[in-house]
Amino acid sequence: MGAAVPARRVRARLRGGAAVERGRAGRRPRRVAGVADRAHPRARDHRGDAAVRRRDRCRRADRLRRSHGAARRALVHRAGPALDLRREPDRRTRARARERHRRPRRAAQRRTARRHRHRLRRGAGADNARPPPRGERPVSVHVERGYRTWLLRSKNGGVSILVRRRPVVVVTALVLAAAAVAVVSLGVGDYVVPIPDVVATVFGFGDSRSQLVVWGWRMPRVLLALALGAALGTAGAIFQSLTRNPLGSPDIIGFDSGAYVGALLIITTVGTGYLAVAGGALAGGLATALLVYVLAYRRGFQGFRLIIVGIAVSAMLASVSTWVILDTELNIALAASAWGSGSLNVVGWPQAAPAVAVLVVLWIVAAMLSRGMHALEVGDDAAVAFGVRTGRVRLRLVVLGVAFTATATAAAGPIAFVSLAAPQLARRLTRSAGVTLSASAAMGALLLVVSDLIAQRIFAPSQLPVGVITVALGGAYLIWLLISEARRR
1 MGAAVPARRV RARLRGGAAV ERGRAGRRPR RVAGVADRAH PRARDHRGDA
51 AVRRRDRCRR ADRLRRSHGA ARRALVHRAG PALDLRREPD RRTRARARER
101 HRRPRRAAQR RTARRHRHRL RRGAGADNAR PPPRGERPVS VHVERGYRTW
151 LLRSKNGGVS ILVRRRPVVV VTALVLAAAA VAVVSLGVGD YVVPIPDVVA
201 TVFGFGDSRS QLVVWGWRMP RVLLALALGA ALGTAGAIFQ SLTRNPLGSP
251 DIIGFDSGAY VGALLIITTV GTGYLAVAGG ALAGGLATAL LVYVLAYRRG
301 FQGFRLIIVG IAVSAMLASV STWVILDTEL NIALAASAWG SGSLNVVGWP
351 QAAPAVAVLV VLWIVAAMLS RGMHALEVGD DAAVAFGVRT GRVRLRLVVL
401 GVAFTATATA AAGPIAFVSL AAPQLARRLT RSAGVTLSAS AAMGALLLVV
451 SDLIAQRIFA PSQLPVGVIT VALGGAYLIW LLISEARRR
């Protein structure tokens, strides 16, 4: 078979009238005179090679030149061996297997033919989500909160509210528990009133004696315990939200001590009138808050620095209160010392009614500022992005928290550790990301009414100040909180 000649060369020679030149493959080499015979290398045998296209000076040939034998495939596309290499590994394979890092047998090796063995697994499309192997610890976990909600809609469908079930259930349970303890507290004492008679008397169906015992003697104390507990729980939630720290409560920061010093100065100089004492407590609490804020402010507001400065200011104010008591008259000093322990023993309607009225107004204001408080929990930058004026909202919340603390201090004296424990216990029950005002208020009311019942009956007929019981319970809670935080680290 002759050599391939490009078609355009053939057409050109036909048009010129010349004969078609024969292929050079059929010519034999001629001997040239004077030139010795040289050994020519043996031509390569191309039989068995893959089929190729012959070219003339990079020009495409007319025909496809094929070798005598059957064309082979390219070496890189050759089929695999008939015997599996995993059954008959060579020496190099066994050596690499000995040097390879051993993975746990329970974890399947995700290697395929589409990638190199030391590279990431590649495939068409995104990886499908599948559970990890049995017994294998996952690298990343997708947490499902699983919040169950209720959707409340109006009749016309114009207003809809999405409410989480667990906080509603927890708050309802706490309110019912506090009410049950309050009913028990109304019935126990030197003159025992049965529980059915207590319930009937509360709704106005009891006899005159039960009306006198329940409404005249015991209701002011129980009602004030519920109100002050809710106020202290709300104040603790506000300051813990501002400081973003579970230790950021008014009694730790020193606002309670400031309110106590202000009220003590009014008692020793003016008298024991409720409005005067409440005003002095409010002024002392605000002055302490301003002092702590100024000392803790360094190119921004940080909760940890505020707590450290507050503890120092609280210790200083404790020494001031001790000096005031030692420098006053004996009868006034005794009354101030008993009141300074946080007591509900001599509370009546003249003290309970104004305090409850003031606290109702403060709770309405707290409900209006709750949105800004929750926005500050995620950070100032995010709060500004939400449209919240951080400086103004923070100032209002500080004044509101001090007002709650001052009102409670003016009514019954400084009651410690309720504002510390109530928000965190409520947060753990509701499983919320941050502290909530309603749950903290309900938990504070339950804690204080239980503490007051214990203070009444633990050494009956003698009664202890309720602050002694709250300090004992709060100290145990603080130890548990520190141990749990240390275990987490």
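In this note's numbering, the protein residues as written are 1 to 489. Just so it is clear, CB atoms sit at the ideal spot from N, CA and C, and this is done for glycine as well.
Looking at the structure shown, is Val388 part of a helix, part of a strand, or coil, going by DSSP?
-> coil
Using the rule of at least 16 other Cβ atoms within 10 Å of the residue's Cβ for burial, across every protein chain shown, is Thr172 buried or exposed?
-> exposed
Just to confirm, are Gly401 and Val313 a CB contact at a threshold of 8 Å?
-> no
Cα-Cα separation, Tyr477 to Asn156 = 49 Å
Inter-residue Cα distance where the pair is Trp339 and Pro414 = 8 Å
Determine, using beta carbons only, whether Val466 and Ser321 come nearer to each other than 8 Å.
-> no
Run the CB neighbour count on Val143, radius 10 Å, all protein chains shown included, and call it buried at 16 or more, exposed below.
-> Because the pLDDT at Val143 is just 49, under 50, the model does not fix this residue reliably, and the point stays unresolved.
Using the beta-carbon count (16 or more within 10 Å), is Val277 buried or exposed?
-> buried
Out of Gly348, Val261, Ile332, state which residue places its alpha-carbon closest to the alpha-carbon of Met316.
-> Val261
Evaluate Ser484 with the Cβ neighbour count: other Cβ atoms within 10 Å of its Cβ, from every protein chain shown; 16 or more gives buried, anything less gives exposed.
-> exposed
Under a Cβ-count criterion, where at least 16 other Cβ atoms within 10 Å of its own Cβ denotes burial, should Phe304 be classed as buried or exposed?
-> exposed
Relative to the alpha-carbon of Val309, which residue among Val324, Asp251, Ile195 has its alpha-carbon at the smallest distance?
-> Asp251
Arg164 by DSSP, collapsed to three states: which one?
-> strand
Among Val181, Ala355, Ile454, Thr405, which residue has its Cα nearest to the Cα of Val468?
-> Ile454
Extent of the continuous alpha helix (DSSP H) run through Tyr477 = 466-488
Exposure label - Thr470; buried when at least 16 CB within 10 Å | buried
Throw me the rounded Cβ distance for the Pro220 and Tyr274 pair, which I believe falls under 8 Å.
-> Incorrect: roughly 13 Å between the Cβ atoms, too far for contact.
Backbone secondary structure at Pro220 - three-state DSSP | helix
Name the two residues that bound the continuous alpha helix (DSSP H) containing Tyr191.
-> No alpha helix (DSSP H) contains Tyr191, which DSSP labels as neither H nor E.
For the segment 237-278, which segments carrying the beta strand (DSSP E) assignment without a break, of at least 3 residues, lie completely within its bounds, in sequence order?
-> none
Through-space distance from Gly187 to Gly206, alpha-carbon basis = 13 Å
Since I believe Ser419 is in contact with Gly233 (beta carbons under 8 Å), could you give me their beta-carbon distance rounded to a whole number of angstroms?
-> 7 Å
In terms of residue numbering, what span does the alpha helix (DSSP H) encompassing Gly444 cover?
-> 437-457
Run of the alpha helix (DSSP H) containing Gln424, from where it starts to where it stops = 418-430
Inter-residue Cα distance where the pair is Ala439 and Asp380 = 24 Å
Please classify Phe203: is it buried, with 16 or more other beta-carbons within 10 angstroms of its beta-carbon, or exposed?
-> exposed
Assign Gly284 to buried or exposed, taking buried as 16 or more other Cβ atoms, counted over all protein chains shown, within 10 Å of its Cβ.
-> buried
Apply the 10 Å Cβ neighbour rule to Trp480 and answer buried if 16 or more other Cβ atoms are within range, or exposed otherwise.
-> exposed
Could you pull the start and end residues of the alpha helix (DSSP H) that Gly372 belongs to?
-> 349-377
Short check: CB of Ser241 to CB of Leu376, under 8 Å?
-> yes
Taking Leu437 and Ser370 to be in contact with their CB atoms under 8 Å, please state how far apart those CB atoms are, rounded to whole angstroms.
-> 6 Å
Mind checking whether Val214 and Thr201 have CB atoms under 8 Å apart?
-> yes
For the alpha helix (DSSP H) that Asp197 lies in, which residues bound it at each end?
-> 195-202
Use the C-beta contact count for Pro194: other C-beta atoms within 10 angstroms, 16 or more gives buried, fewer gives exposed.
-> exposed
To the nearest angstrom, how far is it from the Cα of Thr243 to the Cα of Gln211?
-> 46 Å
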